[in-house]
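Colleague: FYI, the numbering for the sequence shown is 163 to 749, going by this note's numbering.
Virtual Cβ for every residue (Gly too), placed ideally from N, Cα, C.
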Amino acid sequence: MSGLRFPVSPRRRTAVVLAALSVLATGIVASAPLEAAADGGVVKVGSEVVGSDGKTYSATNHLTERAFAPTPGNRPRKWLLTWAGDAEPGTGGSPDPDFLAVVDATPGTPGYGRVVNTLTLDSAFGNEPHHMQYMWHKGDRVYAGGLLSDTTYVFDIARLPQVRLAGVTLPADTPCGSAPDAYTVLKDGTAYATYMGGPDVTGPCRYTDGQIRDGNGYAGSPGEVVRLDRSGKVLAEAPAATSTSEDPELCVNIPVLPKATCANPHGIAVREDLNRLITSDFAEVRNMVTPPAPPPANVGRKTVRIFDIADRGRPRLLSVSRLPDGPRQETNPIAEEPHMVMETAVTNQPHHRGAFASTMSGGAVFYTPDITDPNPKWREVFDDSTAFKALFPTDTPQAGTDGGSWLMPSPDDRYLFHVVLSGGLSSPAANKEAGMVYVLDIQPLLAAGRGTRCSIDDMREVFAGGRERDCPRLVSALPIKDLTSGGPHWAAMDTFGLDRQAYRETQQVSRLAVSNYFVSSTYVDGDHRVCLIDVGPHGELSLDQTFRDENQGTPCVGFDRTRWPHGDHGGARPHGVLFAVADADIR
């Protein structure tokens, strides 16, 4: 990497780094060979797995000197994992590899904000790297999806900053679903994933529990829920669609299915103590990616699904709920509040049973107080317009089609964090590019239990927040301006606190990492930056000005660069982000 300075000779440097790697490698997936080589100050460490097709899939670490540099007081490091896709063709037009970037996220260290390792995928290209799980806990593998390649990669990160490929889930392993989106990891280390798109082949598909659903093909409908083991082996494929037809006017399928369905699960969340899994229906994804013509409004979904997971290997669909309409009267139907349910998020504390949902096109947040209710009732509890109004009292951006995305409550259930991509299509030009992150105080809402009364049902509440006493209150909002066609989309919470010389998980959120990129093939891109946002003791948000790009010297880490640890491969698109710590550095 340009600008590196080495205090020792190259031969001595390589010996030191290789010695460190030999320690890191101890005990990692013995079935895969470990080979290390130094190349221009970067140490390469490879790993490989054999897929269900009998082919070998490989990945290579490219570790820089910064990966092993000492920290002040030998403080252990936090790392920010960023799942990124190649944005530019390589030499001669050949594809460059997608990769997992490992960024030093330890404040106060000389390498803060440096990309110290890139794990390249050497056996597959053009994955459109999308999401990983929402939170990482000690011992978890990392599950990362390729939206367009229909592939899930599993990474062993126990010995960060080194990463090892631990498994691969191929398209043929999930014949009843495609377009993997989001993941959540259970206490036993297995994971549930949402596969948003339909089966690989048009027609009937049999799931692992014997049920059959008709599908209209790859990236169509219906999607499914998949359970994966720690190496990516499929333990179960469960239908997200009902056995009977859903509303054919609400659930537009292209081509039309014998039984209409809105089952295109995107976001996913689990309460293991309640034996419930919840997913959000987003859209028939192939009609959103380079569509030949604007798709009908109801290709974007308005529904949320709740599953019983008492038998972890057999998720059973319990309910399909339609989100209610709100008070805004939009000229474009797709901008109405319940359209395109991107995310769901569950509360965390045992005495709470509620869940939230957010809409990408509708620009609103919804809540239900009890996910164990067989007929959950959802209410709109916040409109993004309230946060826009607080930031921009004049020329206020509009919430309709604002790209509301990532949504998560803090572990202590005190705050709800939400990322919004930009002002909606009808926003004033002066502030149309203003995406944002905002924080809501949700304590009164949760305290109301099943007796909650909060409901956004008139235009005054759209811009001023709900009138009922239990409605969420805006705590803080931070604008993130992106002059491209996209903006801030995905995020992760940092809940790791330093306890002497080790980290521990806490109930509080100290920082957020936010990535500015959606999916370029939908004509919604982004400026390809990853920013860190400090969260104050009372929920106030501020941009971390010290987390700076190593090349430009400006706040946020840019992925539009020429050089990477793996070479001169040009720009990349960062999507999924995740805070993590080496297993040895966390209690």
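Measure the C-alpha to C-alpha separation of A744 and L322 and round it to an integer number of angstroms.
Modeller: Answer to the nearest angstrom: the Cα atoms are 5 Å apart.
Colleague: Go to P366, then tell me how far its beta strand (DSSP E) extends in each direction, as first and last residue.
Modeller: Note, P366: beta strand (DSSP E), G365 to R368.
Colleague: Confirm, please, whether the CB-CB distance from V482 to E386 is below 8 Å.
Modeller: The answer is no: Cβ separation not under 8 Å.
Colleague: Just the Cα atoms here: how many angstroms apart are S589 and G203?
Modeller: Taking the straight line from one Cα to the other gives about 49 Å.
Colleague: With a Cβ-Cβ cutoff of 8 Å, do V681 and V451 count as a contact?
Modeller: For V681 and V451, yes; Cβs fall inside 8 Å.
Colleague: Drop a sphere of 10 angstroms on the beta-carbon of Q295, count the other beta-carbons inside from all chains shown, and report buried for 16 or more, exposed for fewer.
Modeller: Result: buried.
Colleague: Hey, out of G270, Q605, G733 and G247, whose CA is closest to Q707's CA?
Modeller: When only C-alpha atoms are compared, the closest one is G270.
Colleague: R622 lies in the alpha helix (DSSP H); which residues open and close that run?
Modeller: Segment M621 to A626, the alpha helix (DSSP H) holding R622.
Colleague: Since I believe Y219 is in contact with E227 (beta carbons under 8 Å), could you give me their beta-carbon distance rounded to a whole number of angstroms?
Modeller: Their Cβ separation, rounded to whole angstroms, is 28 Å, which puts E227 and Y219 out of contact at 8 Å.
Colleague: What residue range does the alpha helix (DSSP H) around D546 cover?
Modeller: It spans D546 to L553 - the alpha helix (DSSP H) in which D546 sits, taken as one unbroken run.
Colleague: Would you decide whether A742 is buried or exposed? Buried here means 16 or more other CB atoms lie within 10 Å of its CB.
Modeller: Answer is buried; the Cβ neighbour count reaches 16.
Colleague: Excluding the five sequence neighbours on either side, which residues of its own chain have a C-beta within less than 7 Å of the C-beta of P272, listed in chain order?
Modeller: So the qualifying residues of the chain are A231.
Colleague: Quick check on K539: buried or exposed, where buried means 16 or more other Cβ atoms within 10 Å of its Cβ?
Modeller: So K539 counts as exposed.
Colleague: Let me know the alpha helix (DSSP H) ranges lying completely inside the region 502 to 529, each 4 residues or longer, listed in chain order.
Modeller: As far as the region 502 to 529 is concerned, it has no whole alpha helix (DSSP H) run of at least 4 residues.
Colleague: Decide if N236 is buried, meaning its Cβ has at least 16 other Cβ atoms within 10 Å, or exposed.
Modeller: By the neighbour-count rule (16 or more Cβ atoms within 10 Å), N236 is not buried but exposed.
Colleague: To the nearest angstrom, how far is the alpha carbon of N426 from that of G382?
Modeller: The straight-line gap from Cα to Cα measures roughly 8 Å.
Colleague: Would you mind working out which of G329, N510 and R375 sits nearest V212, comparing C-alpha positions?
Modeller: Selected option, being the one with the closest Cα: G329.
Colleague: Is the region 257 to 270 touching the region 722 to 732 in the sense that three or more CB pairs, one from each, lie closer than 8 Å?
Modeller: Counting Cβ pairs under 8 Å, three or more are found: they touch.
Colleague: Looking at G649: is its Cβ nearer than 8 Å to the Cβ of I642?
Modeller: Their beta carbons are under 8 Å apart, which means G649 touches I642 by this criterion.
Colleague: Rounded to whole angstroms, how far is the Cβ of T521 from the Cβ of I440, which I believe are closer than 8 Å?
Modeller: Not confirmed; about 15 Å, so no contact.
Colleague: For L607, report the span of its alpha helix (DSSP H) as first-last.
Modeller: Residues Q605 to A609.
Colleague: Using DSSP bridges, identify the partner residues of P471.
Modeller: In the sequence on display, residue 471 carries Ile and not Pro. Paired residues: none, contrary to the question.
Colleague: Below 7 Å CB to CB, which residues in the same chain sit around A116 once its five sequence neighbours on both sides are set aside?
Modeller: In the structure as shown, the chain begins at 163 and stops at 749. Residue 116 is therefore absent and cannot be evaluated.
Colleague: How long is the line joining the alpha carbons of L309 and H690, rounded to whole angstroms?
Modeller: Between L309 and H690, the C-alpha separation is close to 18 Å.
Colleague: I want to know whether the region 612 to 630 touches the region 591 to 601 - three or more CB-CB distances under 8 Å.
Modeller: These segments do not touch.
Colleague: Three or more C-beta pairs under 8 Å: does that hold for the region 457 to 464 against the region 534 to 549?
Modeller: Output reads no: the region 534 to 549 does not touch the region 457 to 464.
Colleague: Enumerate in chain order the residues of its own chain whose CB-to-CB distance from I496 is below 6 Å, with the five nearest sequence positions on each side excluded.
Modeller: Excluding sequence neighbours, I496 sits near A459, G462 and S523.
Colleague: For P634, which residues from the same chain have a beta carbon less than 6 Å from its beta carbon, with the 5 sequence-adjacent residues on both sides left out?
Modeller: Once the five neighbours on either side are set aside, the close Cβ partners of P634 are V543, F544, L602, I604 and L607.
Colleague: Could you please give the first and the last residue of the uninterrupted beta strand (DSSP E) stretch that includes Y665?
Modeller: From DSSP, the beta strand (DSSP E) with Y665 extends over A664 to E667.
Colleague: How far does the beta strand (DSSP E) with P342 in it reach, from first residue to last?
Modeller: Looking at the DSSP string, the run of the beta strand (DSSP E) that includes P342 is S340 to V347.
Colleague: By the three-class DSSP mapping on this structure, what secondary structure does R448 have?
Modeller: Note: R448 maps to helix in three-state DSSP.
Colleague: If we call anything under 8 Å between Cβ atoms a contact, is V671 one with S572?
Modeller: Their beta carbons are under 8 Å apart, which means V671 touches S572 by this criterion.
Colleague: In the DSSP output, which residue or residues are listed as bridge partners for K217?
Modeller: DSSP lists no partner for K217.
Colleague: Thinking just about the alpha-carbon of each residue, which of L283, N593, R615 and A653 is nearest to the one in M570?
Modeller: Measuring from the Cα of M570, the nearest candidate turns out to be A653.
Colleague: Is the CB-CB distance between Y380 and C338 below 8 Å?
Modeller: No, they are not a contact pair.
Colleague: Looking at chain B, is there any beta carbon in it that lies within less than 8 Å of the beta carbon of E411?
Modeller: As a matter of chain content, chain B is missing from the structure shown, which is built from one protein chain.
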